[in-house]
Ligand code: CP
């Protein structure tokens with residue numbers, strides 16, 4: 091329904107493009123040229139039972155920049171769930187305290203359980219290996235914004251997705267979101283044993299006349315791609331055997347990009363990337379390459395999450411009128 095964001099499957103192409111339009115409208119606030127108090131008096135409950143930097147802070151900042159306030163609870167040990175309280179009771183109690191909730195939880199389906207117990211808007215900030223719909227929205231927004239600059243269309247584009255495609259929930263949500271467009275070519279590059287789940291492939295294959303190719307070779311997967319979307323090794327969800335199959339061959343780095351990628355490719359990653367020596371997701375040697383879109387992508391979390399709140403709280407038509415010039 092309108093008051094929950096649990097899965098990208100809620101969206102049609104029209105409704106996602108409406109959200110993109112609202113996110114564009116939020117840009118003057120996100121860029122700190124304008125301020126708004128359209129959510130004055132509203133309180134957001136940010137309930138994070140799993141580590142997060144971007145999702146927690148950007149949802150919080152987005153709510154604050156629209157004039158609302160935020161209450162944060164982070165980790166099981168800081169909530170009464172550590173004493174055995176259920177999701178149902180927690181959600182019922184929170185409903186009396188706050189006007190919307192963003193929840194990240196390690197178990198797939200848990201955020202839907204929170205949502206079922208309340209009438210206030212609930213946003214899925216990531217549920218285990220399930221979905222991360224706000225990330226998919228900001229990823230789509232990033233692709234559309236970067237393509238607009240390059241004069242490209244998303245219909246017919248080639249998207250390469252690399253790394254841990256089994257446990258990376260952001261790429262599950264992103265593939266399903268991109269399936270709303272037409273004639274895309276997906277090349278899915280993963281280590282053996284970490285392939286994209288069959289149900290995601292089937293979901294995408296059933297829509298929009300897409301081509302989906304799977305490979306274990308970066309050289310094969312990256313050639314001709316308009317977007318390269320790298321992911322982090324989700325070590326927290328792995329067994330040791332799967333980790334052994336993961337090698338430096340699956341790292342996106344300057345040598346690989348210079349050899350196989352298109353001149354105008356966009357390099358994305360949901361972040362965090364593992365920047366420690368010996369990590370295998372996205373090398374820091376691309377940091378000064380203008381094709382690296384990861385920080386523009388992270389910045390887009392603010393206007394997109396403002397748009398999500400505006401729609402869930404029904405103020406999207408009041409935002410434009412509420413904007414004032416920054417005085418600081
Ligand atoms: N991309 C993302 O979800 O980052 P965090 O885990 O830091 O929120």
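Numbering (the UniProt record's numbering), first residue to last: 91 to 418.
Ideal Cβ positions, reconstructed from N, Cα and C, are used throughout, including at glycine.
How close, in whole Å, do the beta carbons of residue i and residue j come, if the pair is a contact with beta carbons under 8 Å?
i           : j           : result
residue 157 : residue 130 : 4 Å
residue 390 : residue 284 : Actually they do not touch by this definition, with Cβ atoms about 27 Å apart.
Answer with buried or exposed for residue i, where buried requires no fewer than 16 other C-beta atoms within 10 angstroms of its C-beta.
i           : result
residue 383 : buried
residue 281 : buried
residue 222 : buried
residue 126 : buried
residue 178 : exposed
residue 136 : buried
residue 341 : buried
residue 362 : exposed
residue 123 : exposed
residue 262 : buried
In chain order, what residues of the same chain lie with their CB nearer than 6 Å to the CB of residue i, ignoring the 5 residues before and after it?
i           : result
residue 159 : 133
residue 269 : 294, 297, 298
residue 301 : 275
residue 120 : 392, 393
residue 155 : 119
residue 170 : none
Since residue i is in the beta strand (DSSP E), which residue starts that stretch and which ends it?
i           : result
residue 217 : 212 to 217
residue 275 : 275 to 279
May I ask you to check if the CB of residue i is nearer than 8 Å to at least one heavy atom of the ligand CP?
i           : result
residue 225 : yes
residue 320 : no
residue 163 : no
residue 211 : no
residue 141 : yes
residue 424 : The chain is shown from 91 up to 418; residue 424 falls before or after that span and cannot be answered.
residue 395 : no
residue 218 : no
Return the chain-ordered list of same chain residues with a C-beta closer than 8 Å to the C-beta of residue i, the five sequence neighbours on each side being excluded.
i           : result
residue 315 : 248, 249, 250, 277, 351, 352, 355
First and last residue of the alpha helix (DSSP H) that includes residue i?
i           : result
residue 185 : 177 to 185
residue 115 : 103 to 120
residue 350 : 344 to 350
residue 386 : 384 to 389
Closer than 7 Å by C-beta to residue i: which residues in its own chain qualify, once you throw out the five before and the five after it? Chain order, please.
i           : result
residue 237 : 243, 244
residue 91  : Caution is warranted here: a pLDDT of 45 is assigned to residue 91, below 50, making its placement in the model unreliable, and the coordinate value is therefore given only provisionally. Correct list: empty, nothing qualifies.
residue 401 : 109, 112
So, does the CB of residue i fall closer than 9 Å to a CB anywhere in chain C?
i           : result
residue 244 : Among the protein chains of the structure shown there is no chain C, as only one such chain exists.
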